[in-house]
Every structure is written in structure tokens, then in C-alpha cells.
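For reference, the structure is listed below as C-alpha cells.
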Amino acid sequence: MAKRDENDPSFAKSFRRLGLFLLLMFLSGLVLLWRIDNPRAERVRIAVIDKFVPNMEWALKPVTKLSQMAADFQTYSRIYQQNQDLRRELQQMKAWREAALQLEQKNAKLLDLNNVRLNPKLSYLTGVVLTDAGSPFRQSALINIGKRDGVKDGWPAMDGLGLVGRISGVGNNSSRVIFVTDTNSHIPVQIKPFDQHAILTGDNSLLPPLDFVENFDRVRPGDRVVTSGDGGVFPNGLLIGQVTQGAQGRLRVKLSADYRRLEFLRVIRFEPTAPINDPDRLIGPVFPTATQPLTAQRLVDAQNSNASEKEVGND
Amino acid sequence: MIKSRRLKSLQVAIVFSLSCAVILFVKLIPLDLLPGRIAPPDIMFCLAVALLIRRPGALPMWLVALVFLLNDILLSQPLGLWALIVLATSEVVRGTRSNVREMLFLSEWFWFAGLYVAATVALFVLKFLLFIPREPLTMILPMLVFTVACYPVVVLYLNYVFKVAKSIRADYTGIGARG
């Protein structure tokens, strides 16, 4: 190569320029493809990640575990104090558990008396967090369950207590979870005691703000925030967190999910209920369709049958 | 002579690829899933520019494009956008290399700062034109400062750990560049 360079530099130069041009064209094309046909480009991305990352698990796991152990070791000095605190909390929890059980039984009895049909309970799959987004501008994680395990796009992910995010992009062995805190995340929510609707918008912080709140007077700090199920993306009633008031009086949500310790994620199997597309046919006559014109003959028939029914009724 | 030169180039290319792989790996480890972290410096960009000044022959353009495309894919950024900008920047570096090589390190550093700011502005403008949501400036500016501050460290790393110094001339200028 070097020799030919010396003999004929112009040849190598033009060859190189062509290569550069092709590369630039390829990359620009990729950007445009990503911009125009985003779902397809993202599918390509998730396929590439699916090839690479699960194979790196042997390297990712030990490093992650070691660093978590190092973080745990820092709390080692306070272990006695922690133990005492945990005992006290456990005692309180037992009392709460007893109360919850009694309420649950009472609730079941009342529901049975009223013959209420509730939504079926949601079942879930659990996955391990493999990697995070890798940049502070994106809030997402890659988990080790995918198409193979039946995961579908859009399913919600929780950490046992609160909503963490939703599946966005499914590979064969892995899938990506976009967190509630990501700037692309907009979730319709309900603020509990007064059922106020709002949109929870991620802004790269641990306290995402609530937008489009219906009535500010009926929302107070400390209220529970759950998914509303509007739009059919999430099932309703998944816990997200509690309302807090941020700077400048803006309403924000303190998330219940513990992002500090996300090791496992529960992905909830959720099929949106079938939409009702028919126009209502409960009231009024059946309108004639184009293929079955309402002829005079049929009108007469209808009247006759009505008359005969009346006669029967009179008898 | 030619063989040993090519071997050196290959070594440098491998050092670059492995360093980038380690950086990506560290970035992807799910240590801290809390939002609101401070943006880390873009060390891959520093490495690429420092090596392009010192050993342009060792860093063919397809390697630059490939590494930064992989970066885009794995870190869920717009596919190929940053790779496109870095590739264009790398051609600028190749073009002005002979001048930069004569500079003192301090002026090289300033030149790098200008280059990185230009690349970031280009990214911003392209995102604006393509209606891609842009990151807030409060996150971009610290990243800019950190990256520029990291450049001397990266150069020292190349000098002392991998013996890739600027002073060795003509011998190691590779394919397509004039020493």
C-alpha cells in the first residue's frame, strides 16, 4: 500500500475520497432513516444490542455485583443501628398486615354481596437489569427477558411496589425499559382521593412534574398517584408515587419505585381491553343500507306484521 | 521497516478500539440508575482526536465511523448522528494536522476546545433541523468543560502508557497522509 502511495498518490487519494463520500452518505442515510422510519430503525438497534449485550453478561454481572457490594460495605459500620431500625419497622408492618388482611376479607364479603365483577388480577414476568442507558440524557435499562419469554412492546414494568417504566423495544433475549423519568415518557395518571386526572412527564429528575392537572384545589401533597389507564397503554391503578410540591409551587411526584436499587424488574402482562367500535344500536330503527333499499313492498310487509301482532295482542 | 511501521499502526488501532470498548462497557454497567447525574466527559472523542494528530495512519476512517456508530447504537442516541459529525471532524483534523503538530501543547489544547465546541454546536443544529429533542444546556455545558479538561489526561495516557508521542515524525505517518 505504502509503495503504491508513493508511485501514484492521486489514485489513492481519489479512492480514499470516494470511500469517505460513501461513508458520509451511509451515515446520513442512517440518520434520515432513523428520523423518518423510527420504529424500523429502532428494531435494527434492538437487534444489534440483542446480539451483543446478553453475551457480555459474564463480564457485566461480576463487575456490577462487586461495585454493589462495595456500596453495601459502606453501610456496614451502621449495621447495628440498621438492625434496630428494621426490627421496629417490622413490628409496625405486622400491625399493618393484620389490618390489611381484615380489610381485604371485609372487602371481599361486600363485593360478593353486591355481585361486583372486578378486573382479573395481572400476572407478571421478572427480569434482571443488564445495563443502563449509558448516558445521563436517557433514562432506561436493558433487562434479560425478551420475545422468547413473550414480552411485548408497551407492557408496564414495576419494581414490586411502584411503576418504573414501560417496555420500549423487544429483542429476542432482551428488552429495553424506558423509565418514567425519561424526557420521552408521558403517562396519564389519576390522583387518588378525588380522582383528578393529569399527565406525568419525565424531566430527567427523580421528581417528575405533573402537567395538565384538572383542579389544583383538589390535589394536595401526599396524595397517591396511580396510572389512570387512559389511552390503553397502562392498566389502571398501578401505583406510581405521592404528590409533592416542588420549587415555585409546581406539583411533582415522589416515585415509589426505588431507582437506587433496581436489580429486578417485574414486567406486567397486559392486553388492552378490546375497543367497542360499533355505533350504538340500542335506540331507534335499523337504518337501510345501500345494498338493501327499503322498498314500498317491505314497508307494507312491516305494517302488516305489526297489525297482525296487534291483533294477537288484543286477543 | 514497512512491516514494523504497519505493526505499530495496528497496535495503535487495537489500543484505540480496546479503550473505546472499555469506556462503553463502564458506561453501560447499571451502577447508578438515578436520574440527574452529571454528564461524564466524552473521552472517546478526546482519544480519537489525539490519535488522529499523532498517528493518522493508524486510525482509518472506517474504524472511526464504526466505533462511533456502535456508541450511538448502544447508548440509544440518534442512529449515526454523532458518528457522522465525528467522521467529518476527523477529516478536518487530518486536513489541519501538519499545522497542529508544530504547535505547543497549550495551543493544541485550545484548538481541541474549539473543535469540540464546533462539533457540539453542529450536533445541536442538526438536532434542531431534524426536530430531535435536544438536551438542556445545563447538562451540555458541564460535559463540554469536562471533556476539554480531560484532553491533557488522555494525551498523557497515550504518551506514557502506550508511547504514542507527537515528537516522532515522518517515520510513522501512515497511508494517505503527508509527513
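If you read the sequences in order, they're chains W and F. Sequential numbering from 63 applies to the first sequence in our numbering. Sequential numbering from 45 applies to the second sequence in our numbering. Yeah, the Cβ is synthetic: ideal placement off N, Cα and C, and Gly gets one too. As the structure is a computational prediction, the values presented were derived from the model and not from experiment.
Is it right to say leucine 173 (chain W) is buried, meaning 16 or more other beta carbons lie within 10 angstroms of its own, or is it exposed?
-> exposed
Residue from W:Ser185, W:Leu163, W:Val191, W:Gly81 with nearest C-alpha to lysine 127 (chain W) | Just measuring C-alpha positions, the residue of W:Ser185, W:Leu163, W:Val191, W:Gly81 sitting nearest lysine 127 (chain W) is W:Val191.
For leucine 125 (chain F), return the contacting residues in chain W, with the cut-off set at a CB-CB distance below 7 angstroms.
-> Going along chain W in sequence order, the residues near leucine 125 (chain F) (Cβ under 7 angstroms) are Val93.
Taking 8 angstroms as the CB-CB cut-off, is glycine 224 (chain W) touching chain F?
-> no
What residues from chain W crowd round methionine 88 (chain F), counting only those whose CB sits closer than 8 angstroms?
-> Those do not exist, as methionine 88 (chain F) stays about 12 angstroms from chain W at its closest Cβ, beyond 8 angstroms.
Which one of F:Leu91, F:Pro100, F:Ile129, F:Ile67 has the shortest CA to CA distance from valine 169 (chain F)?
-> F:Ile129
Going straight from the alpha carbon of glutamine 304 (chain W) to that of phenylalanine 190 (chain F), what length do you get?
-> 36 angstroms
Note down, in chain order, all residues in the segment 236-267 of chain W with a beta-carbon under 7 angstroms from any beta-carbon belonging to chain F.
-> Thr243, Thr245, Asn266, Ser267
Taking C-beta pairs closer than 9 angstroms, name the residues in chain W that tryptophan 106 (chain F) reaches, listed in chain order.
-> Gly81, Leu85
Do the CB positions of glycine 231 (chain W) and phenylalanine 241 (chain W) come within less than 8 angstroms of each other?
-> no
Does any CB atom of chain F fall closer than 8 angstroms to the CB of isoleucine 229 (chain W)?
-> no
Could you check what DSSP says for threonine 263 (chain W) in three-state terms: helix, strand or coil?
-> strand
Indicate whether at least one CB of chain F lies closer than 8 angstroms to the CB of serine 90 (chain W).
-> yes
Indicate whether the contact test is met: 3 or more Cβ pairs, each with one atom in the segment 102-112 of chain F and one in the segment 166-180 of chain F, closer than 8 angstroms.
-> no
Counted within 10 angstroms of its Cβ, other Cβ atoms place tyrosine 138 (chain W) as buried (16 or more) or exposed = exposed
Residues of the segment 70-85 of chain F whose Cβ lies closer than 9 angstroms to any Cβ of chain W, in chain order = Listed by position, the residues of the segment 70-85 of chain F near chain W (Cβ gap below 9 angstroms) are Val70, Lys71, Leu72, Ile73, Pro74, Leu75, Asp76, Leu77, Leu78, Pro79, Gly80, Arg81, Ile82, Ala83, Pro84.
Give a yes or no on whether the minimum CB-CB distance between aspartate 134 (chain W) and chain F is below 8 angstroms.
-> no
With 16 as the cutoff for other CB atoms within 10 Å, does tyrosine 204 (chain F) come out buried or exposed?
-> exposed
Would you list the one or two residues that DSSP bridges to phenylalanine 274 (chain W)?
-> In the DSSP output, where bridge partners are listed per residue, phenylalanine 274 (chain W) has none listed.
Does the segment 181-201 of chain W touch the segment 322-336 of chain W, meaning 3 or more C-beta pairs lie closer than 8 angstroms?
-> Result yes; three or more Cβ-Cβ pairs closer than 8 angstroms.
Short-range partners of chain W found in the segment 110-137 of chain F, where Cβ spacing is below 8 angstroms | Leu113, Ile117, Leu118, Leu119, Ser120, Gln121, Pro122, Leu123, Gly124, Leu125, Ala127, Leu128, Leu131, Ala132, Glu135
Burial state of tryptophan 96 (chain W) (16 or more Cβ within 10 Å) | buried
Best match in F:Val108, F:Tyr201, F:Ser120 for proximity to arginine 138 (chain F) [C-alpha to C-alpha] | F:Val108
If we count the other Cβ atoms within 10 Å of its Cβ and call it buried at 16 or more, is phenylalanine 73 (chain W) buried or exposed?
-> exposed
If you run the structure through DSSP and keep just helix, strand and coil, what is leucine 313 (chain W)?
-> strand
Could you pull out every residue in the same chain whose Cβ sits closer than 8 angstroms to the Cβ of lysine 75 (chain W), ignoring the five residues on either side in sequence?
-> none
Which residues DSSP lists as bridging isoleucine 253 (chain W), in chain order | W:Gln258, W:Val287.
Per-residue burial, arginine 79 (chain W) [other beta carbons within 10 Å of its own, 16 or more giving buried] | Around the CB of arginine 79 (chain W), fewer than 16 other CB atoms lie within 10 Å, so the residue is classed as exposed.
Chain F partners of arginine 107 (chain W), CB-CB under 8 angstroms?
-> Ile117, Ser120, Leu123
8 angstroms contact criterion, which leucine 269 (chain W) and threonine 306 (chain W) should meet: CB distance rounded | Right, their Cβ atoms sit about 7 angstroms apart.
Any Cβ of chain F within less than 8 angstroms of the Cβ of phenylalanine 73 (chain W)?
-> no
Contact belief for arginine 179 (chain W) with leucine 204 (chain W) at Cβ below 8 angstroms, rounded distance in angstroms = Wrong, their Cβ atoms sit about 38 angstroms apart, outside the cutoff.
Continuous beta strand (DSSP E) stretch holding valine 226 (chain W): start and end = 225-232
C-alpha distance - serine 48 (chain F) paired with alanine 102 (chain F), whole-angstrom precision = Taking the straight line joining both Cα atoms gives about 13 angstroms.
Using a Cβ cut-off of 9 angstroms, pull out every chain W residue sitting near proline 177 (chain F), in sequence order please.
-> Contact annotation for proline 177 (chain F) against chain W: Thr245, Asn246 [CB-CB distance below 9 angstroms, chain order].
Answer yes or no: does any C-beta atom of chain W fall closer than 8 angstroms to that of threonine 174 (chain F)?
-> Reading off the sequence, residue 174 (chain F) comes out as leucine, not threonine. Yes, leucine 174 (chain F) lies at the interface with chain W (some Cβ there is under 8 angstroms from its Cβ).
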